[in-house]
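A.B. asks: This is the structure, below, for whatever I ask next.
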Amino acid sequence: MLMRFLVKTIRISNEIGNKNQLIIKRYAGHSKWSNIKHIKAAKDAEKARVFTRIGRQIRIAVSEGGSIDPSKNLQLSQIIEQSKRANMPAATIQNILKSCENDKSQHKKHILEIKGPGSCFIICEVFTNQLHLTKQTIATILRKNQAKYSDGGGIHLFEEKGTIDAENASLAGKEEAEILEQATDHAILSGAEDVQIAENNSLRFTCGKTNLNQVVGQLEKLGYKVTNAEVNYTPLKLQALQDAELEACQNLYEKLESVPEVTKLTDNIA
1 MLMRFLVKTI RISNEIGNKN QLIIKRYAGH SKWSNIKHIK AAKDAEKARV
51 FTRIGRQIRI AVSEGGSIDP SKNLQLSQII EQSKRANMPA ATIQNILKSC
101 ENDKSQHKKH ILEIKGPGSC FIICEVFTNQ LHLTKQTIAT ILRKNQAKYS
151 DGGGIHLFEE KGTIDAENAS LAGKEEAEIL EQATDHAILS GAEDVQIAEN
201 NSLRFTCGKT NLNQVVGQLE KLGYKVTNAE VNYTPLKLQA LQDAELEACQ
251 NLYEKLESVP EVTKLTDNIA
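Each residue of the sequence shown is one higher than the one before, starting from 1 at the first, in full-length UniProt numbering.
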């Protein structure tokens, strides 16, 4: 259906600094599902979607952190840094923060566990002040797309990790092995746990969720341009699906992403 290409993943040992203890694994990288999820029609539409998502995350950070001051709200600080890297206008950020300050609607973040086509699991993050109505809206979508709410336990198939997408001009044109070796050194120096080569020789670093900003700062000092950094649920084990199930998941994602209260979707699909 769609071509696969190899991605080499380097797992960095807990004993940072001991390069000999690195375990190198090969993955069948951008799978069909990964490709399906990342096909977008127009750049303008994608930019608007990113800004909408970041705006929702800012509101969540203010709600959970209790302050619109980034110096007093670490989660908000991380999201604002992400918004700057996405070239979100400063005026837009300030307008969102101002609206958060005046908002008395008691919106809260909630996690919904979904069992999707082919027995995959989806973590659906929502931000709402009417959870019951939001769940009803989503339940209707699930019934029509071979999915249902999980009975519980799906969240334990994931762990929260900081993920950082970055590029380094000094690595351009180098062989993959050389890129991997240098990126490994940089991962160790920055305090990251994993690094992998992704599309167009860009790199994805993984770190503990509490030291995301620290790792981003160190990578930038090493010459990296960070294009995205956020805390995500990371699947502990992947679920393989058939082509028809992948297409059903694509349709399900499109419907869920159209719900205004949905802020993020994460799955364990291979």
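Don't be surprised by glycine CBs; every beta carbon is placed ideally from N, CA and C.
Shorter than 7 Å, the distance from the beta carbon of E254 to the closest heavy atom of the ligand ATP, or not?
C.D. replies: Only the bare structure without any ligand can be found here, which leaves the ligand ATP out of the picture.
A.B. asks: Taking all protein chains shown into account, do 16 or more other C-beta atoms lie within 10 angstroms of the C-beta of N268, making it buried, or fewer, making it exposed?
C.D. replies: So N268 ends up on the buried side.
A.B. asks: Please classify I111: is it buried, with 16 or more other beta-carbons within 10 angstroms of its beta-carbon, or exposed?
C.D. replies: Exposed.
A.B. asks: With DSSP as the reference, label V259 as helix, strand or coil.
C.D. replies: The answer is coil: DSSP assigns V259 none of H, G, I, E or B.
A.B. asks: Using the DSSP secondary-structure output, state which residues sit across from P117 in a beta bridge.
C.D. replies: Looking at the DSSP assignment, P117 forms no beta bridge with any residue, so it has no partner.
A.B. asks: When DSSP labels each residue in this structure, what does A192 get in the three-state scheme?
C.D. replies: DSSP places A192 in coil when its eight states are reduced to three.
A.B. asks: In angstroms, rounded to a whole number, what distance separates the CA positions of L6 and A45?
C.D. replies: In this prediction, L6 scores a pLDDT of 32, lower than 50, which makes its location untrustworthy; the coordinate-derived value is nonetheless stated afterwards. Going from the Cα of L6 to the Cα of A45 covers about 29 Å.
A.B. asks: Within 10 angstroms of the Cβ of A41, are there 16 or more other Cβ atoms? Answer buried if so, exposed if not.
C.D. replies: For A41, the predicted structure reports a pLDDT of 48, less than 50, and the residue's modelled location is therefore unreliable. A value from the coordinates is still provided. A41 is exposed by the Cβ-count criterion.
A.B. asks: In whole angstroms, what is the alpha-carbon distance linking N87 and E101?
C.D. replies: Distance between the alpha carbons of N87 and E101 is about 23 Å.
A.B. asks: Report the CB separation of G162 from G208 in whole angstroms; it is logged as a contact under 8 Å.
C.D. replies: Contact flag correct, Cβ pair sits at about 6 Å.
A.B. asks: Are the beta-carbon atoms of T234 and E125 separated by less than 8 Å?
C.D. replies: No, the Cβ-Cβ distance between T234 and E125 is not below 8 Å.
A.B. asks: Is Q239 helix, strand or coil by DSSP?
C.D. replies: Strand, per DSSP.
A.B. asks: Which complete beta strand (DSSP E) runs does the region 52-121 hold, if anything under 3 residues is left out?
C.D. replies: Qualifying beta strand (DSSP E) stretches, in chain order: 108-115.
A.B. asks: Based on the DSSP secondary-structure assignment, which residues constitute the bridge partners of I269?
C.D. replies: Note: I269 sits in a beta bridge opposite Q239.
A.B. asks: Quick check on the burial criterion: 16 or more other C-beta atoms within 10 angstroms. Buried or exposed for H107?
C.D. replies: With 16 or more other Cβ atoms within 10 Å, it is buried.
A.B. asks: Exposed or buried, R59, counting other C-beta atoms within 10 Å across all chains shown (16 or more means buried)?
C.D. replies: Classification of R59: buried, given that the 10 Å Cβ count is 16 or more.
A.B. asks: Starting from E159, trace the alpha helix (DSSP H) both ways and give me its first and last residue.
C.D. replies: That residue, E159, is in no alpha helix (DSSP H); its beta strand (DSSP E) goes F158 to E167.
A.B. asks: Is it right to say T143 is buried, meaning 16 or more other beta carbons lie within 10 angstroms of its own, or is it exposed?
C.D. replies: The amino acid at residue 143 is misidentified as Thr; the sequence shows Arg. Result: exposed.
A.B. asks: Does DSSP classify Q250 as helix, strand or coil?
C.D. replies: Helix at Q250.
A.B. asks: Helix, strand or coil for E175 per DSSP?
C.D. replies: DSSP places E175 in coil when its eight states are reduced to three.
A.B. asks: Look at the alpha carbon of residue 351 and the alpha carbon of R85, and state the distance between them as a whole number of angstroms.
C.D. replies: Nothing can be reported for residue 351, as the shown portion of the chain is limited to 1 through 270.
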